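One structure is given here, and the rest of the page talks about it.
Number of protein chains: 2
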Amino acid sequence: MVSLPTESHESMSISSQNPMEPDEFRRQGHMMIDFLADYYKNLGSYPVRRQVEPGYLRERLPETAPNNSESIETILQDVTNDIIPGLTQWQSPNNFADFPSSGSIAGFLGEMLSTGFNAVGFNSMSSPAATELESIVVNWLGQMLALPKSFLLSTDGSSGGGGGVLQGTTEAILCTLTAARDKMLNKIGRESIGKLVVYASDQAHCALEKAAQIAGINPKNIRAVATSKATNFGLSPGSLQSAILADIESGLVPLFLCATIGTTSSMAVDPIGPLCEVAKMYGIWVHVDAAYAGSACICPEFRHFIDGVEEADSFSVNAHKWFFTTLDCCCLWVKDSISLVKVLSTIPEYMKNKATESKQTTLSRRFQSMKLWLVLRSYGIANLRTFLRSHVKMARHFQGLIGIDTRFEIVVPRTFGMVCFRLKPSAIFKQQRVESGYIETQTNETNAKLLESMNASGLTHMTHAVVGGVYMIRFSAGATLIEERHVTEAWMVVQEHTDTLLGALDGTILHEIVG
Amino acid sequence: MVSLPTESHESMSISSQNPMEPDEFRRQGHMMIDFLADYYKNLGSYPVRRQVEPGYLRERLPETAPNNSESIETILQDVTNDIIPGLTQWQSPNNFADFPSSGSIAGFLGEMLSTGFNAVGFNSMSSPAATELESIVVNWLGQMLALPKSFLLSTDGSSGGGGGVLQGTTEAILCTLTAARDKMLNKIGRESIGKLVVYASDQAHCALEKAAQIAGINPKNIRAVATSKATNFGLSPGSLQSAILADIESGLVPLFLCATIGTTSSMAVDPIGPLCEVAKMYGIWVHVDAAYAGSACICPEFRHFIDGVEEADSFSVNAHKWFFTTLDCCCLWVKDSISLVKVLSTIPEYMKNKATESKQTTLSRRFQSMKLWLVLRSYGIANLRTFLRSHVKMARHFQGLIGIDTRFEIVVPRTFGMVCFRLKPSAIFKQQRVESGYIETQTNETNAKLLESMNASGLTHMTHAVVGGVYMIRFSAGATLIEERHVTEAWMVVQEHTDTLLGALDGTILHEIVG
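Going down the list, the sequences are from chains U and F. So for the first sequence, the UniProt record's numbering puts the first residue at 1; every next one is plus one. So for the second sequence, the UniProt record's numbering puts the first residue at 1; every next one is plus one.
What follows is the structure in structure tokens.
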């Protein structure tokens with residue numbers, strides 16, 4: 001046992017103030033708004049990547065919680081000194097890593113409101129506003145995405161069939177997978193759970209694997225179907241069918257397909273229509289994960305990427321990725337929402353006489369829909385399309401800059417706001433008479449060095465992916481504060497670090513090979 | 001297909017302003033702080049329970065999202081008119097329903113910071129501050145709870161064995177249950193998943209049932225072991241053992257016990273030590289769910305309620321319930337944290353070279369630990385104990401008031417901040433020569449009428465539970481803004497509505513029976 005902290009001088013420090021005293025709330029709240037406004041104002045000049053090594057914080061913080069209260073001024077000083085340097089500045093206009101984490105004023109204010117009310121949305125009777133606002137705004141977004149009627153609320157507002165809900169991130173897949181699982185097990189018997197098989201391309205997000213592990217799917221029955229450059233790493237319906245047939249041959253039961261619109265690695269798009277055609281032949285539940293790219297589909301010119309969604313069973317978009325709501329806000333639409341309710345609902349007595357249908361993994365839910373409502377209203381459909389198009393335009397701008405420099409190549413065709421590029425082998429090897437496997441390895445390593453060197457500068461931040469054996473640098477434009485000049489500056493950082501790196505290599509790799 | 005909203009006048013309304021423009025952030029942020037400060041100031045005068053009927057919102061909101069932007073002023077007006085009346089005012093000092101949803105200034109500010117940074121905490125390399133602050137502050141709280149060393153970080157900060165993490169709510173049980181499941185299946189073979197059995201008392205939170213359903217446990221193998229008034233509805237080790245033995249007899253495999261400290265219905269406390277003794281004989285994973293009552297155990301005088309925790313495998317407290325952090329913030333400590341990592345981790349290439357151990361169901365995590373850090377520092381251990389004790393004192397005050405009025409009785413002994421009471425049969429039936437089953441039914445119905453009548457007034461808000469066939473009204477003191485006068489006022493509401501109700505009954509039930 002750890003001994004309890006001493007209480008000797010406790011009485012000295014006890015504050016008589018209520019921890020939610022409204023005037024103190026006002027004072028400290030205004031201080032925090034100014035703190036964050038200043039942070040946003042200066043964010044472009046912060047190093048984007050963390051400036052510390054893992055393990056740094058333990059040395060800076062005390063070993064135990066303080067016995068007495070500390071002032072908000074002291075705490076904010078520590079946030080500046082100890083926390084900010086340990087964060088990737090996700091909101092920085094110089095952050096082009098991963099996917100965007102796109103905040104906005106409206107999203108922030110919506111989060112303030114839901115935190116302020118702190119209403120626990122575990123059922124619709126307790127706070128109808130929370131439950132109803134959620135189904136209304138998710139329906140609004142569904143309309144903006146031109147989702148088929150089967151995914152939307154019926155005109156009288158009932159959710160008998162289709163409907164949308166907000167989820168955590170991995171939870172959207174977990175909920176639909178468990179719904180599909182129990183629907184199937186009700187047919188074939190629970191003892192067959194070990195036979196269920198889950199499919200996705202080898203480019204799908206690891207959230208599927210995680211969800212399948214949690215839902216009790218045998219890890220051996222998670223199929224990462226191979227993709228290739230021929231389909232730009234989209235899942236081929238033929239490959240899917242072969243995998244399904246092989247499983248049926250082995251006595252297994254195909255259950256669930258997760259198709260992706262805009263994969264994390266390279267923004268690959270799985271062809272939903274043809275995949276659904278295959279899946280439906282075998283009674284497979286098709287979930288379409290459009291976590292990032294789904295947002296863009298509110299623009300008519302991008303909507304075709306989700307053509308065929310009417311044949312799918314469920315569809316999700318992470319509004320916190322590229323739709324200006326802060327973490328987390330995953331929108332999920334399901335045709336057969338009853339199957340979700342069946343697996344996720346329980347009705348204890350202390351909730352009786354209240355509507356207790358549940359479509360989430362969790363009970364104590366925040367009032368998540370508030371921020372989505374504020375984002376949709378504060379900006380309106382027209383501005384939201386403009387914002388998204390501006391990010392795509394910036395990616396196109398970056399792509400154009402890459403195109404001018406013959407040392408680089410675009411590895412996969414750009415869609416949406418992401419550019420996947422690399423230093424070409426020809427920029428690294430002046431003569432290519434060496435073995436090609438060696439060239440690919442060295443090219444990958446050189447690109448990795450280039451990325452690390454750029455990120456270490458703190459001036460920009462990108463991440464990488466390896467697709468088809470090729471290491472590529474991912475440039476993802478979507479941070480809300482981004483302007484064209486940030487893209488141009490990022491390109492200058494790329495060039496500068498390339499010059500330095502290739503200059504240094506002249507004396508090493510190239511020398512070795514040529515010599 | 002739903003047709004896309006028209007774009008005809010789109011260009012008219014497009015704002016050229018960046019949706020995170022710092023000065024506009026500042027302006028709107030200050031406005032929101034004032035809005036919420038005013039809300040808190042007036043909260044005591046708001047009707048506590050929603051003032052609308054479910055389904056109300058659809059009639060008030062437009063059918064589609066607006067095409068053009070709307071001002072924050074308009075939106076806040078709608079929040080006042082359309083949202084607040086549809087909410088239970090969880091933070092109201094007159095709210096004694098369910099469990100508290102205890103916000104605080106520090107919790108709110110912490111949430112502002114994490115929303116403001118909007119850092120995605122999917123791995124420790126991306127933002128070491130987020131990962132490390134989490135393990136540090138959860139460790140602080142673990143020390144405050146005097147958890148055994150096996151649940152805490154080792155002195156060098158490594159998390160090889162035990163350690164704490166933040167979770168969603170149901171997720172804490174879901175994560176530990178899946179970890180226990182896979183540990184067992186690795187021993188006995190995956191094909192035995194259908195044999196696994198999960199145990200809890202019939203008073204346990206429905207989160208366990210939900211988690212078990214998600215994790216693929218056969219719903220027939222979820223045991224709600226009966227409790228009785230003899231143990232104040234705590235789980236008896238003998239009953240647990242009988243249930244286990246019966247299952248083993250039937251060829252099933254006991255897997256997981258969820259013991260509860262402070263049940264939702266009646267604040268029952270399961271005896272952890274003796275239960276662990278039984279469970280350990282059969283290799284069962286013991287999770288201790290101290291969602292609400294765990295907070296109080298930072299006070300030495302309440303610590304004995306979790307005696308025996310050193311024998312358990314995992315332990316959780318929902319800091320958003322009664323520890324001044326807003327939704328959601330569930331602290332989970334696990335002895336064998338590696339087993340959590342095993343079932344919840346996946347390592348895709350785009351995360352390689354980064355620490356990607358995961359102990360949560362979700363990947364896109366908010367920076368949840370910030371608010372817990374602010375709460376611990378802003379108030380300090382001494383004040384936190386004082387706050388919790390003051391809520392217990394208020395429950396004791398209410399209990400005292402009940403004790404004076406002979407029409408009422410306390411149904412189960414009060415522990416922590418909750419009082420379970422009811423109108424006694426003798427207050428309803430002047431002569432009890434009628435059949436006792438009839439009396440119990442009528443007593444339950446009369447208490448239900450009393451509760452509904454009080455809640456409909458909007459002056460107070462309590463909820464109910466039925467334990468051992470007895471309908472009781474739950475008075476739960478823990479809203480942060482609560483003062484002693486609110487308790488006294490609530491008692492006056494109880495008395496007033498009792499007078500009216502019993503007065504009306506004089507002409508009906510009593511007349512019928514006596515006549």
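Each residue gets a CB set at the ideal place from its N, CA and C atoms; glycine is no exception. Treat the numbers as computed from the prediction; the structure is a model and nothing was measured.
* Contact check, Asp307(U) vs Ile272(U), beta carbons under 8 Å -> Here residue 307(U) is taken as the residue at index 307 of the first sequence, counted from 1. Here residue 272(U) is taken as the residue at index 272 of the first sequence, counted from 1. Yes; because the gap between Cβ atoms is below 8 Å, this pair is in contact.
* So is the beta-carbon of Leu459(F) under 7 Å away from any non-hydrogen atom of the ligand FMN? -> Although the ligand FMN was asked about, the structure shown includes no ligands whatsoever.
* **Host beta strand (DSSP E) of Gln203(U) (start-end)** => Sequence index remark: in the first sequence, residue 203(U) carries index 203 (1-based). No beta strand (DSSP E) contains Gln203(U), which DSSP labels as neither H nor E.
* **Member of Ala179(F), Ala215(F), Thr170(F) and Arg190(F) whose CA lies at the smallest distance from the CA of Cys206(F)** => Sequence index remark: in the second sequence, residue 206(F) carries index 206 (1-based). Measuring from the Cα of Cys206(F), the nearest candidate turns out to be Thr170(F).
* **C-beta neighbour in chain U for Ile33(F), strict 8 Å** => The residue given as residue 33(F) occupies position 33 in the second sequence. Chain U contact via Cβ: present.
* Do you know offhand how far Ala504(U)'s Cα is from Thr446(U)'s? -> Translated into the one-based positions of the first sequence, residue 504(U) becomes position 504. Translated into the one-based positions of the first sequence, residue 446(U) becomes position 446. Roughly 11 Å between the two C-alpha positions.
* Asked: Using a C-beta cutoff of 8 Å, does Gly116(U) count as contacting chain F?
  -> As a working mapping, residue 116(U) is identified with position 116 in the first sequence. Yes, Gly116(U) lies at the interface with chain F (some Cβ there is under 8 Å from its Cβ).
* Taking 8 Å as the CB-CB limit, is Gly103(F) close to chain U? -> Working through the second sequence from its first residue, we reach residue 103(F) at position 103. Closer than 8 Å to some Cβ of chain U, the Cβ of Gly103(F) qualifies, so yes.
* Asked: Straight-line CA distance for Met112(U) to Met32(F)?
  -> On the first sequence, residue 112(U) is found 112 positions in, with the first residue counted as 1. On the second sequence, residue 32(F) is found 32 positions in, with the first residue counted as 1. If I take the Cα positions, the gap works out to 8 Å.
* Nearest to Lys371(F) (by Cα), restricted to the options Arg385(F), Val138(F) and Ile244(F) -> Here residue 371(F) refers to the residue found at position 371 when the second sequence is read from its first residue. Residue Val138(F) is the option with its Cα nearest to Lys371(F).
* To do: Note down the Cα distance separating Ile84(U) from Ala490(U), rounded to an integer number of angstroms.
  => Translated into the one-based positions of the first sequence, residue 84(U) becomes position 84. Translated into the one-based positions of the first sequence, residue 490(U) becomes position 490. Answer to the nearest angstrom: the Cα atoms are 22 Å apart.
* To do: Give the straight-line distance between the Cα atoms of Thr463(F) and Thr88(F), rounded to the nearest whole angstrom.
  => Sequence index remark: in the second sequence, residue 463(F) carries index 463 (1-based). Sequence index remark: in the second sequence, residue 88(F) carries index 88 (1-based). So the alpha carbons of these two residues sit roughly 12 Å apart.
* **Rounded separation between Asp23(F) and Asn383(U) - CA only** => For the purposes of this step, residue 23(F) is taken as the residue at position 23 of the second sequence. For the purposes of this step, residue 383(U) is taken as the residue at position 383 of the first sequence. Their Cα atoms are separated by approximately 19 Å.
* Asked: Hey, is Met47(U)'s beta-carbon within less than 8 Å of any beta-carbon in chain F?
  -> On the first sequence, position 47 is the one that residue 47(U) refers to. Correcting the residue type first, residue 47(U) is Pro in the shown sequence and not Met. For Pro47(U), the answer is no, since every Cβ of chain F falls outside 8 Å of its Cβ.
* What's the C-alpha gap between Arg58(F) and Thr326(F)? -> As a first step, residue 58(F) must be located in the second sequence, where it is residue number 58. As a first step, residue 326(F) must be located in the second sequence, where it is residue number 326. If I take the Cα positions, the gap works out to 28 Å.
* Locate the beta strand (DSSP E) running through Cys258(F), then write down its first and last residues. => Locating residue 258(F) in the second sequence gives position 258, counting from the first residue. Secondary structure note for Cys258(F): its beta strand (DSSP E) is the uninterrupted segment Val253 to Thr260.
* Asked: In the region 199-221 of chain F, which residues sit with their C-beta less than 7 Å from some C-beta in chain U, listed in chain order?
  -> Within the region 199-221 of chain F, the qualifying residues are Cys206, Ala207, Glu209, Lys210, Gln213, Ile214, Ala215, Gly216 and Asn218.
* Asked: Between Ile439(F) and Ile482(F), what straight-line distance do the alpha-carbon atoms span, to the nearest angstrom?
  -> As a working mapping, residue 439(F) is identified with position 439 in the second sequence. As a working mapping, residue 482(F) is identified with position 482 in the second sequence. Taking the straight line joining both Cα atoms gives about 36 Å.
* Asked: Name the DSSP bridge partner or partners of Ile380(F)?
  -> Working through the second sequence from its first residue, we reach residue 380(F) at position 380. Rather than Ile, the amino acid found at residue 380(F) in this sequence is Gly. BP columns for Gly380(F) are empty, so no partner.
* Asked: Does Val79(U) get closer than 8 Å to chain F when you measure Cβ to Cβ?
  -> Your numbering for residue 79(U) matches position 79 in the first sequence. Yes, its Cβ sits closer than 8 Å to a Cβ of chain F.
* Tell me Gly164(F)'s beta-bridge partners as DSSP assigns them. => Walking along the second sequence from the start, residue 164(F) turns up at place 164. According to DSSP, Gly164(F) bridges with Trp333(F).
* If you compare alpha carbons, which of Ser339(U), Ala215(U), Asn186(U) and Phe151(U) is closest to Val309(U)? -> Locating residue 309(U) in the first sequence gives position 309, where the first residue counts as 1. Closest option to Val309(U), Cα to Cα, is Phe151(U).
* Asked: Name the chain U residues that come within less than 8 Å of Val343(F), Cβ to Cβ?
  -> Within the second sequence, residue 343(F) is the residue found at index 343, counting from 1. Near Val343(F) (Cβ distances below 8 Å), the residues of chain U are Gln213 and Ile214.
* Return helix, strand or coil for Arg366(F), following the three-state DSSP convention. => By one-based count along the second sequence, residue 366(F) stands at place 366. In this structure, Arg366(F) counts as coil in the three-state DSSP scheme.
* Shorter than 8 Å from the beta carbon of Tyr56(U) to some beta carbon of chain F? -> Residue mapping note: residue 56(U) aligns to position 56 of the first sequence, counting from 1. Closer than 8 Å to the CB of Tyr56(U) there is at least one CB belonging to chain F.
* From which residue to which residue does the beta strand (DSSP E) around Asp289(F) run? -> As a position in the second sequence, residue 289(F) is number 289, starting the count at 1. Looking at the DSSP string, the run of the beta strand (DSSP E) that includes Asp289(F) is Trp285 to Asp289.
* DSSP three-state assignment for Ser71(U), whether helix, strand or coil -> By one-based count along the first sequence, residue 71(U) stands at place 71. Coil, per DSSP.
* 8 Å Cβ cutoff met for Val69(F) and Tyr40(U) -> Within the second sequence, numbered from 1, the residue matching residue 69(F) stands at position 69. Within the first sequence, numbered from 1, the residue matching residue 40(U) stands at position 40. The question names Val, yet the displayed sequence has Ser at residue 69(F). Not in contact: Ser69(F) and Tyr40(U) (Cβ atoms no closer than 8 Å).
* With 8 Å as the C-beta to C-beta threshold (strictly closer), list the residues of the region 232-249 of chain U near chain F in chain order. => none
* Could you check the C-alpha separation between Gly400(F) and Gln368(F) for me, to the nearest Å? => Within the second sequence, the letter at position 400 stands for residue 400(F). Within the second sequence, the letter at position 368 stands for residue 368(F). For Gly400(F) and Gln368(F), the distance between alpha carbons rounds to 39 Å.
* Asked: Is Ser250(F) buried or exposed, if buried means 16 or more other CB atoms sit within 10 Å of its CB?
  -> What you label residue 250(F) is simply residue 250 of the second sequence in a count that begins at 1. Answer is exposed; the Cβ neighbour count stays below 16.
* Proximity test, Cβ basis, 8 Å: Ile404(U) and chain F -> Here residue 404(U) refers to the residue found at position 404 of the first sequence. No, because no Cβ of chain F sits closer than 8 Å to the Cβ of Ile404(U).
* To do: State yes or no: is the C-beta of Ser476(U) within less than 8 Å of the C-beta of Pro100(U)?
  => Mapped onto the first sequence, residue 476(U) falls at position 476. Mapped onto the first sequence, residue 100(U) falls at position 100. Their beta carbons are under 8 Å apart, which means Ser476(U) touches Pro100(U) by this criterion.
* Asked: What residue from Ala65(U), Ala179(U), Tyr292(U) and Glu21(U) has the CA that sits closest to Phe416(U)'s CA?
  -> The residue you call residue 416(U) lines up with position 416 of the first sequence. That would be Tyr292(U), whose Cα lies nearest to the Cα of Phe416(U).
* Ala180(F) versus Trp285(F) - alpha carbon distance -> Counting from one through the second sequence, the residue named residue 180(F) turns up at place 180. Counting from one through the second sequence, the residue named residue 285(F) turns up at place 285. Distance between the alpha carbons of Ala180(F) and Trp285(F) is about 6 Å.
* To do: For Val487(U), I'd like the list of residues in its chain whose CB is within less than 7 Å of its CB, leaving aside the five on either flank, ordered along the chain.
  => The sequence position of residue 487(U) within the first sequence is 487, counting from 1. Met394, His397, Phe398 and Ala477, listed in sequence order.
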